[in-house]
Each structure stands twice: as C-alpha cells, then as structure tokens.
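Report on the following structure.
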Amino acid sequence: MPPHDGADEQVDWDATRRAWGVGFPSDYIAFMSTYGAGGIDDALSVVTPEASTQPADSPYLGGMAAETANMRHMWESEGGPDEVDAGPDSVVAWGVSCGADILGWLTLDHDPNKWPVVVWERHGWPHRKIYDCGMAEFLRRLFTKGFEECPLSYASLWGEPSPHFVHWREERRRWESGVDPYTGEPDPYFGMKFD
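Heads up: the sequence shown is residues 0 to 194, going by numbering that gives the first Met the number 0.
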C-alpha cells in the first residue's frame with residue numbers, strides 16, 4: 000500500500016504520551032510517519048493521534064479522542080469481551096470503518112507493542128472481538144484474508160490485494176475540488192446543498 004508525498008503526520012509523541020498516559024505501539028508510530036492519518040479505499044480510516052484526550056469541537060470528527068470516547072461509551076454500556084476483565088478506560092481507538100466499526104487497542108500490558116487489537120463490530124456478533132496482533136499485522140491479515148472471517152462489518156477490504164491509502168489532507172483537498180478522493184471521478188454531489 001504506497002503512501003503519497005507529504006503524508007507524515009509530524010506527531011509530537013511526547014505530548015501525546017503525556018496526554019494519554021501511555022506510549023503507543025511502534026507499528027502505529029511507523030504508520031503515522033509513513034502514511035499519516037487517512038482512509039484506505041474509503042472503507043477504513045486510521046485516525047489522527049492527538050495530544051488531548053478530549054474530542055475536538057470540529058466538523059471533522061473522528062480523531063483518536065472522539066473515536067476513543069465512542070469506543071469507551073460502547074464498552075461501558077455493553078461491556079467488553081467476555082474473556083477480558085477490564086473497564087472502558089483500557090481501550091484506545093486507532094481506526095473506524097465505513098460500517099461504523101471502531102478499531103482500537105486493549106491497553107492492559109505495560110508494553111504497547113504487546114497490545115492486541117480490539118474491534119467493536121457494529122453489525123457482527125459478538126460485537127467485541129480481540130485479535131492477538133498489532134495494528135499493522137491486523138491490516139495485513141485483513142488485506143490477505145488472514146483471519147477465519149472478516150473482522151469488519153463491511154468486507155470491501157477483506158482480501159483486497161492492492162489497498163489504496165489517501166491522507167486526510169489530500170482527501171479533503173480532493174473533495175473540496177469536486178473529485179471523489181478514491182476513484183478520481185467527478186463527485187456528482189459537489190456543490191449541492193442539503194437541508
């Protein structure tokens with residue numbers, strides 16, 4: 000999955016670590032350095048790490064703080080996976096799918112590189128599943144059908160041999176110029192106003 004120029008997020012990892020009270024997995028740090036935050040085939044967004052745990056008051060929702068708040072709310076209201084004895088503060092989100100699934104880490108281990116991926120699968124059962132791998136390995140297994148079944152509600156990335164990443168700034172630039180960021184085709188809704 001090739002990145003494009005200028006995708007590095009330039010994250011202040013010390014400030015982010017202080018805000019969240021934990022370090023972050025090395026594969027996520029490397030992903031942010033190589034790709035940054037953005038979308039994969041308009042089906043999965045890898046969210047921006049933030050130096051605040053409070054969701055931003057912004058029309059561009061979906062950063063780490065906002066998705067973590069969503070994930071923790073679901074964990075609190077529905078409980079975590081049966082095999083896990085941990086509260087909602089033990090999860091941090093790193094992604095969200097077009098099927099409204101939230102992907103994150105279960106942060107019980109002191110070593111972030113040992114954090115498993117936890118998925119709140121909106122349309123699956125059970126809703127909460129744990130995958131014993133990091134974020135990068137999770138994505139690789141998603142793209143290569145390396146799990147017994149698709150871990151997401153929407154299967155467009157399941158077995159996708161050539162996923163396409165678009166950095167969030169480039170995605171926004173394309174939308175604002177009337178082009179679908181993933182197909183390159185004109186956006187048929189560009190300029191329309193909706194009530």
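Just so you know, even glycine gets a beta-carbon here, dropped at the ideal spot from N, CA and C.
Do residue i and residue j have their C-beta atoms within less than 8 Å of each other?
| i | j | result |
| --- | --- | --- |
| V116 | M134 | yes |
| A64 | E49 | yes |
| D100 | S152 | yes |
| D40 | P162 | yes |
| P87 | F23 | no |
| R140 | F146 | yes |
Give the DSSP-derived three-state secondary structure of residue i in the structure shown.
| i | result |
| --- | --- |
| E137 | The amino acid at residue 137 is misidentified as Glu; the sequence shows Phe. Looking at F137 - three-state DSSP - the assignment turns out to be helix. |
| K128 | strand |
| F142 | helix |
| W119 | strand |
| A14 | helix |
Can you give me the Cβ contacts of residue i inside the same chain, cut-off strictly under 7 Å, excluding the 5 residues immediately before and after it?
| i | result |
| --- | --- |
| D26 | G133, M134 and A135 |
| V46 | A36, G61, G62, M63, E66, A92, W93, G94 and V95 |
| Y59 | With a pLDDT of 47 at Y59, under the threshold of 50, the modelled position of that residue is not reliable, and no figure is offered here. |
Starting from the C-beta of residue i, find all residues in its chain whose C-beta is less than 6 Å away, skip the five residues before and the five after it, and write them out in chain order.
| i | result |
| --- | --- |
| P150 | V118 |
| E120 | D100, H126 and S152 |
Contact defined as beta carbons within less than 8 Å: I believe residue i pairs with residue j. What is the distance between those atoms, to the nearest angstrom?
| i | j | result |
| --- | --- | --- |
| Y181 | V165 | 6 Å |
| A85 | L102 | No, A85 and L102 are not in contact; Cβ-Cβ is about 17 Å, not under 8 Å. |
- Note down, one range per segment and in chain order, each beta strand (DSSP E) of at least 3 residues found wholly within the region 27 to 87. The region 27 to 87 contains these whole beta strand (DSSP E) runs: 37 to 39 and 43 to 45.
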